[in-house]
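>
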Amino acid sequence: MRAIVIDDSRAMRLILRRIVGQLGFDVIEAEDGKAALDTLNSESEVPNLALVDWNMPNMNGLEFVTAVRADGRFKDMTLVMVTTESEQSQIVRALAAGAHEYVIKPFTQGAMLEKLALLGLVPSGATA
Amino acid sequence: MSTEIVPTAQDLADIVGQVWSSYLDTEGTDPLIPIEESPSTDIVASVSITGGWSGHVVVSCSDAAAKQAAAAFLMMDATEVSADDVTDVLGELANIVGGNVKSMLPASSMVSLPQVVNVSGGSVRWPACVQICELAGVWREEPVSIAMWQKTDLADGNG
Chain A
1 MRAIVIDDSR AMRLILRRIV GQLGFDVIEA EDGKAALDTL NSESEVPNLA LVDWNMPNMN
61 GLEFVTAVRA DGRFKDMTLV MVTTESEQSQ IVRALAAGAH EYVIKPFTQG AMLEKLALLG
121 LVPSGATA
Chain B
1 MSTEIVPTAQ DLADIVGQVW SSYLDTEGTD PLIPIEESPS TDIVASVSIT GGWSGHVVVS
61 CSDAAAKQAA AAFLMMDATE VSADDVTDVL GELANIVGGN VKSMLPASSM VSLPQVVNVS
121 GGSVRWPACV QICELAGVWR EEPVSIAMWQ KTDLADGNG
């Protein structure tokens, strides 16, 4: 299992890396949507999971989700928005663009694990 | 007359409570204990909000509190915390609080990238702004403040 964490905050990337790393994911990081697309295009293995911030420079999370959903190579990648954008309209936009789940910052580790469990991404026996 | 919706001190306290329980007080043993007076602080992290509402959300604290916040946020020992860790974590805390404040504001509002400055022995000023609410407190015996500053024409009801 492989995950990409996309957030312009190094601190948030560290937290998310730790959470999904505990689930057994190999984790790669990108600091914005454009860097993430560049990384995906250079990797031979498509991540199973992308955790995507919304507000980032260069390419924001919504643009990244839209771009990934338009590319058939990434059709099996689960996309989870992780953001402070909590307005209902923004959540609807993200889900309509192709995000599978939506986690609002601040979040607890338990809340994140619950969301990932709903997506079938928490291996049996892992702490949830 | 302004019809802007402005988050209240209680809104700010609710947001800060969520941040604390998510990252800085996950065990429920280190709450932010409110105090009456604005404390003297060393590190100031802020985001600016522009658009439908204009102002700043400011998280400030002592050097020691900043270091402990970074350690708690990153789940590491305080002795391992670097200056970059402190900057990143304080900036992210301002970003999270500011992002949640923005969610209560008109949809056209936007949040800037965070700024973090060390003001030991000095101060940060917010031109043409007035502080509209502050949550001042003590965390792990160190001073912390989370405040909202609003552009004065809006605060005067002329925006």
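Residue numbers (UniProt numbering), protein chains in the order written: chain A, 1 to 128; chain B, 1 to 159.
Backbone N, C-alpha and C define an ideal beta-carbon position, used for all residues, glycine too.
Since the model is a prediction, treat every value here as computed from it, not as a measurement.
1. Tell me which residue opens and which closes the alpha helix (DSSP H) that Asn100(B) is part of.
2. Considering only residues of the same chain and omitting the five flanking positions on each side of Ala9(B), which have a CB-CB separation below 8 Å?
3. Going by beta-carbon coordinates alone, are Ile15(B) and Asn95(B) separated by less than 8 Å?
4. Could you work out which residue in Thr152(B), Val57(B), Leu90(B), Leu32(B) is closest to Arg10(A) when comparing CA atoms only?
5. Residues of the region 25 to 50 of chain B with a CB closer than 9 Å to any CB of chain A: list them in chain order, please.
6. Counting only beta-carbon separations shorter than 8 Å, does Ser103(B) have a partner in chain A?
7. Taking 8 Å as the cut-off, decide whether the C-beta atoms of Gly110(A) and Leu79(A) are in contact.
8. Starting from Asn41(A), trace the alpha helix (DSSP H) both ways and give me its first and last residue.
9. Thr79(B): buried (16+ other C-beta within 10 angstroms of its C-beta) or exposed?
10. When you compare each of Val138(B), Lys151(B), Asp153(B) to Pro34(B) by their alpha carbons, which one comes out closest?
11. Using the Cβ count rule (16 or more neighbours within 10 Å means buried), how would you classify Glu142(B)?
12. Would you please verify whether the beta carbon of Met1(B) is less than 8 Å from any beta carbon of chain A?
13. How far does the beta strand (DSSP E) with Leu49(A) in it reach, from first residue to last?
14. Is DSSP giving Met112(A) helix, strand or coil here?
15. Go through its chain and collect everything with a Cβ distance to Ser120(B)'s Cβ below 6 Å, but skip five positions before and after it.
16. Examine the Cβ distances between the region 55 to 65 of chain A and the region 78 to 92 of chain A and report whether three or more of them are shorter than 8 Å.
17. Thinking C-beta only, is Val122(A) closer than 8 Å to Leu23(A)?
18. Can you pull the chain A neighbours of Gln150(B), defined as C-beta to C-beta under 9 Å?
19. Mapping the DSSP letters down to three states, classify residue 133(A) as helix, strand or coil.
20. Label Val37(A) either buried or exposed according to how many other C-beta atoms from any shown protein chain fall within 10 Å of its C-beta, with 16 as the threshold for buried.
21. Measure the beta-carbon distance from Leu119(A) to Glu101(A) and round it to whole angstroms, keeping in mind my assumption that it falls under 8 Å.
22. According to DSSP, simplified to helix, strand and coil, what is Arg2(A)?
23. So for residue 193(A), helix, strand or coil by DSSP?
24. Quick check on DSSP: helix, strand or coil for Gly21(A)?
25. Helix, strand or coil for Gly122(B) per DSSP?
26. Closer than 8 Å by C-beta to Ser44(A): which residues in its own chain qualify, once you throw out the five before and the five after it? Chain order, please.
27. Is Gln68(B) close to chain A, meaning its C-beta is less than 8 Å from at least one C-beta of that chain?
28. Confirm, please, whether the CB-CB distance from Pro7(B) to Met104(B) is below 8 Å.
29. Let me know if Gly33(A) comes out buried or exposed under the rule of 16 or more other beta-carbons within 10 Å of its beta-carbon.
30. Kindly list the residues whose CB is nearer than 7 Å to the CB of Lys102(B), restricted to its own chain and excluding five residues on each side of it in sequence; keep chain order.
Here's the rundown:
1. 83 to 102
2. Cys133, Glu134, Leu135
3. A distance of 8 Å or more separates the beta carbons of Ile15(B) and Asn95(B).
4. Leu90(B)
5. Thr26
6. For Ser103(B), the nearest CB of chain A lies under 8 Å from its own CB, placing it at the interface with that chain.
7. no
8. 33 to 42
9. exposed
10. Val138(B)
11. Label assigned to Glu142(B): buried.
12. Here Met1(B) scores only 41 on pLDDT, less than 50, and its place in the model is too uncertain to base an answer on.
13. 49 to 52
14. helix
15. Asp42
16. yes
17. yes
18. Those do not exist, as Gln150(B) stays about 19 Å from chain A at its closest Cβ, beyond 9 Å.
19. Not covered by the structure: residue 133(A). The range shown for chain A is 1 to 128.
20. According to the sequence shown, residue 37(A) is Leu rather than Val. Buried, by the Cβ-count rule.
21. 6 Å
22. strand
23. As displayed, chain A neither begins before 1 nor continues past 128, which places residue 193(A) out of reach and without an answer.
24. helix
25. coil
26. In its own chain, leaving out the 5 sequence neighbours on each side, no residue places its CB closer than 8 Å to the CB of Ser44(A).
27. So, not an interface residue.
28. yes
29. Gly33(A) sits buried, since 16 or more C-beta atoms from the chains shown fall within 10 Å of its C-beta.
30. Ile49, Ser109, Val111
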